[in-house]
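> Structure provided below as structure tokens; questions to follow.
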Amino acid sequence: AVIDLAVGYALFRHFPEMREGDLTRLRAALVNERHLARMARDLALGTYLLLGKGEDTSQGREKASILSCAFEAVAGAIFLDGGYPAAAEFVERHFTPWFEDRQQAMFLADAKSSLQELLQERFNEGPRYVLEGEEGPDHNKIFHVSVRFREEILGQGSARNKKEAEQEAAAMALKNLAGPKQAGQ
1 AVIDLAVGYA LFRHFPEMRE GDLTRLRAAL VNERHLARMA RDLALGTYLL
51 LGKGEDTSQG REKASILSCA FEAVAGAIFL DGGYPAAAEF VERHFTPWFE
101 DRQQAMFLAD AKSSLQELLQ ERFNEGPRYV LEGEEGPDHN KIFHVSVRFR
151 EEILGQGSAR NKKEAEQEAA AMALKNLAGP KQAGQ
């Protein structure tokens with residue numbers, strides 16, 4: 001909760017002209033499991049975790065779910081120890097680089113929603129996500145997803161769950177649609 005509050009307030013200060021819906025989407029993109037895990041990796045939090053033998057041998061120190069919880073725990077501990085001002089300063093220090101550039105910030109927003117809106121606006125039709133395959137044991141699966149529009153593959157993504165793989169595919173599609181191919185149209 002402290003991360004949500006601090007990021008929401010920081011975004012409001014950095015982007016006072018941004019619409020509420022866009023701020024909400026951007027906050028959700030910054031405070032999701034995948035992004036919090038990235039922040040934990042930047043701090044090397046995985047090296048400090050005490051894990052059970054099973055988690056330790058199955059690369060638990062790299063699992064997004066565990067790392068995101070570790071980042072939340074650090075922010076929570078700072079809040080309990082130093083109050084909201086200390087926790088907000090910690091959160092803002094680690095999140096500000098991700099939204100200082102509005103272009104980068106908007107790209108971090110929910111890629112699936114952005115792609116849906118773009119295609120609906122241009123063609124009055126949305127994309128379709130296809131599970132292309134999965135690999136690995138049940139406890140450590142990787143899902144491969146493509147996003148298609150009128151049977152053309154716009155992007156592909158791979159992740160430890162289908163939702164993240166779809167986000168990766170949508171982000172790639174947005175990059176591809178913004179590339180040189182679109183400039184000539």
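Using the working numbering, the letters of the sequence shown correspond one by one to residues 1 to 185.
Glycine included, each C-beta is placed from N, C-alpha and C at the ideal position.
These figures come from a predicted structure and were not determined experimentally.
1. DSSP state of residue 151, grouped into three classes?
2. Helix, strand or coil: how does DSSP classify residue 126 here?
3. Touch check for the stretch 30 to 41 and the stretch 63 to 73: three-plus C-beta pairs under 8 Å?
4. Please give me, in chain order, every unbroken run of the alpha helix (DSSP H) with length at least 4 that falls completely inside the stretch 38 to 66.
5. Report all residues from its chain with a CB closer than 8 Å to the CB of residue 166; omit the five preceding and five following residues, and keep chain order.
6. Can you check which of these residues, 75, 27, 173 and 139, is closest to residue 2 by C-alpha distance?
7. Quickly, what does DSSP pair residue 142 with across the bridge? List them, please.
8. How would you call residue 127, buried or exposed, if buried means at least 16 neighbouring beta carbons within 10 angstroms?
9. Indicate whether at least one CB of chain D lies closer than 7 Å to the CB of residue 54.
10. If the criterion is Cβ atoms closer than 7 Å, does the pair residue 25 and residue 110 meet it?
11. Which whole-angstrom value describes the C-beta separation of residue 33 and residue 73, a residue pair presumed to lie in contact below a C-beta threshold of 8 Å?
12. Of the choices 9, 12 and 162, whose alpha-carbon is the least far from that of residue 135?
13. Is any heavy atom in the ligand ATP found nearer than 6 Å to the beta carbon of residue 126?
Concretely, from the data shown:
1. Translated into positions along the sequence shown, residue 151 becomes position 151. In this structure, residue 151 counts as coil in the three-state DSSP scheme.
2. Translated into the one-based positions of the sequence shown, residue 126 becomes position 126. Coil at residue 126, not helix or strand.
3. yes
4. 53 to 57
5. Along the sequence shown, read from residue 1 onward, the residue named residue 166 stands at position 166. Only 112, 129, 145, 147 and 157 meet the Cβ criterion.
6. In the sequence shown, residue 2 corresponds to position 2, counting from 1. Nearest of 75, 27, 173 and 139 to residue 2, Cα basis: 75.
7. One-based indexing of the sequence shown puts residue 142 at position 142. Per DSSP, 135.
8. Here the question's residue 127 lines up with position 127 in the sequence shown. Buried: at least 16 other Cβ atoms inside 10 Å.
9. No chain D is present in this structure, which holds just one protein chain.
10. Indexing the sequence shown from 1 puts residue 25 at position 25. Indexing the sequence shown from 1 puts residue 110 at position 110. Yes, Cβ-Cβ distance for residue 25 and residue 110 is below 7 Å.
11. Residue numbering aside, residue 33 sits at position 33 when the sequence shown is read from its first letter. Residue numbering aside, residue 73 sits at position 73 when the sequence shown is read from its first letter. About 14 Å; that fails the 8 Å criterion.
12. Mapped onto the sequence shown, residue 135 falls at position 135. That would be 162, whose Cα lies nearest to the Cα of residue 135.
13. Summarising the ligand content, the structure contains no ligands, and the ligand ATP is consequently not present.
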